[in-house]
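S.K.: Got a structure for you, questions after.
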Amino acid sequence: MKRTIIPVVGIVILLALIAGAVILLNELVYAPSTDTVRESFSFGADEAAAIDIDINIGYINVFESPDAVFAVDFSESRKGLYKAELVDGAISVTEGESSWVDKLSRRESEKCGVEIGVPAGTSIKLRISASVSDITVDGVALVGDTELTVETGSVSVNGVETDGGVSAVTATGNVEFCFIDCAEISANVATGDVSVRSLNAEKSISIKVVTGKVTGRLTGTRGDYTVSASVNTGVCGIESGGSGKTELNVSVTTGSIALDYEGGKEG
Numbered sequence: 012m013k014r015t016i017i018p019v020v021g022i023v024i025l026l027a028l029i030a031g032a033v034i035l036l037n038e039l040v041y042a043p044s045t046d047t048v049r050e051s052f053s054f055g056a057d058e059a060a061a062i063d064i065d066i067n068i069g070y071i072n073v074f075e076s077p078d079a080v081f082a083v084d085f086s087e088s089r090k091g092l093y094k095a096e097l098v099d100g101a102i103s104v105t106e107g108e109s110s111w112v113d114k115l116s117r118r119e120s121e122k123c124g125v126e127i128g129v130p131a132g133t134s135i136k137l138r139i140s141a142s143v144s145d146i147t148v149d150g151v152a153l154v155g156d157t158e159l160t161v162e163t164g165s166v167s168v169n170g171v172e173t174d175g176g177v178s179a180v181t182a183t184g185n186v187e188f189c190f191i192d193c194a195e196i197s198a199n200v201a202t203g204d205v206s207v208r209s210l211n212a213e214k215s216i217s218i219k220v221v222t223g224k225v226t227g228r229l230t231g232t233r234g235d236y237t238v239s240a241s242v243n244t245g246v247c248g249i250e251s252g253g254s255g256k257t258e259l260n261v262s263v264t265t266g267s268i269a270l271d272y273e274g275g276k277e278g
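First residue of the sequence shown? That's 12 in the numbering used here, and the numbers climb one at a time after it.
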């Protein structure tokens, strides 16, 4: 009997330990956010010509600031979650060494993030890449092509100018473009909506959505565009055709397109 009881008791103890570990892991991963740690850094306006952000989780906000320097602020679940440094004339923001709990926990994307104030009158080249994030770019003067990529989350760009293009890519999330003056604009969304307002693109506007809708108003009149629009399954509310200088390419696999022109269809 003893030879039978001892293994059974051992198995019971092992199962209890495994159950306890699962409960602890669940608490670590899904527990509500605690207080965050704030870290701040600054860089001279003449020290950087670009901002490059590449993080896994956390909101990102780049905006015009009245300060005379680049102000970088981190909101973190623990000190050192993010790091900022100058690399070849660019402010580079990346993640520090993450523990396995950081990588699993969804708390980071809810409360943690990066904010960068760009001195007024300073033009920068901007690239942002994140896994889980809401990206906001507001009122910043840009140069060259601006690339904004997120796997899960939204992208919002408002009140910017650049001599290059502005592109947003998201697997799951919405894209919002408002008051943008540039050469080219593009949005590529797998699941989500794209909304636009007052876009002034000299060369082209390209919007591709797999599942979702495209809505908003375009600068100028119908005559300013050469339009190619299609919806495989759903409603297409804009006509293809024309011979305007700006190419407008909009495609939706499943969903709808509802776009009109601020200046009307005539012209």
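In this text, a Cβ means the ideal position worked out from N, Cα and C, and glycines have one as well. What you are looking at is a predicted structure, and each value in this text was computed from that prediction instead of being measured.
Using C-beta distances below 7 Å, list every residue in its chain close to D271, excluding the 5 sequence neighbours before and after it, in chain order.
M.R.: Counting only Cβ-Cβ distances below 7 Å, and skipping sequence neighbours, we find R228.
S.K.: Output needed for S241: all residues of its chain with C-beta closer than 7 Å, excluding positions within five of it in sequence on either side, in chain order.
M.R.: Hits under 7 Å: C247 and S262.
S.K.: Would you call V207 buried or exposed, if buried means 16 or more other Cβ atoms sit within 10 Å of its Cβ?
M.R.: Buried.
S.K.: Write down the C-beta distance between F188 and I196 rounded to the nearest angstrom, noting that I regard them as a contact closer than 8 Å.
M.R.: With a Cβ gap of about 6 Å, F188 and I196 count as contacting.
S.K.: To which residues does DSSP link I139 through a beta bridge?
M.R.: Its beta-bridge partners are I64 and L159.
S.K.: Provide the residue(s) that pair with T265 in DSSP beta bridges, ordered along the chain.
M.R.: T265 pairs with T222 and T244.
S.K.: Beta-carbon separation of Y93 and S144 under 7 Å?
M.R.: Contact flag unset, no.
S.K.: Taking a contact to mean a Cβ-Cβ separation below 7 Å, would you say V238 touches S251 in this structure?
M.R.: Contact: yes.
S.K.: Within its chain, find whatever has a CB closer than 6 Å to the CB of A2; leave out the 5 residues flanking it on each side and keep chain order.
M.R.: Nothing can be reported for residue 2, as the shown portion of the chain is limited to 12 through 278.
S.K.: Should N185 be labelled buried (16 or more other beta-carbon atoms within 10 Å of its own) or exposed?
M.R.: Burial call: buried.
S.K.: Just to check my reading of the structure: S134 and L159 have Cβ atoms closer than 8 Å, yes? What is that Cβ distance to the nearest angstrom?
M.R.: The pair is not a contact, with the Cβ atoms about 17 Å apart (cut-off 8 Å).
S.K.: Return the residue from the list N199, E58 and A131 that minimises the CA-CA distance to T163.
M.R.: Taking only the C-alpha atoms, the option nearest T163 is N199.
S.K.: If we ignore side chains and look at the alpha-carbon of each, how far apart do D235 and N211 end up?
M.R.: Computed Cα separation, rounded: 11 Å.
S.K.: Under the DSSP definition of a beta bridge, which residues are partnered with G55?
M.R.: Beta-bridge pairing links G55 to V80.
S.K.: Tell me which residue opens and which closes the beta strand (DSSP E) that A194 is part of.
M.R.: Segment V186 to T202, the beta strand (DSSP E) holding A194.
S.K.: Roughly how many angstroms lie between the CA atoms of V180 and N67, to the nearest whole one?
M.R.: One C-alpha to the other measures close to 15 Å.
S.K.: Could you work out which residue in V48, V151 and V161 is closest to E172 when comparing CA atoms only?
M.R.: Comparing Cα positions, the closest option is V151.
S.K.: Have a look at A79, A56, F54 and T47 and flag the residue whose alpha-carbon is nearest the alpha-carbon of F85.
M.R.: Of A79, A56, F54 and T47, the residue nearest in Cα terms is T47.
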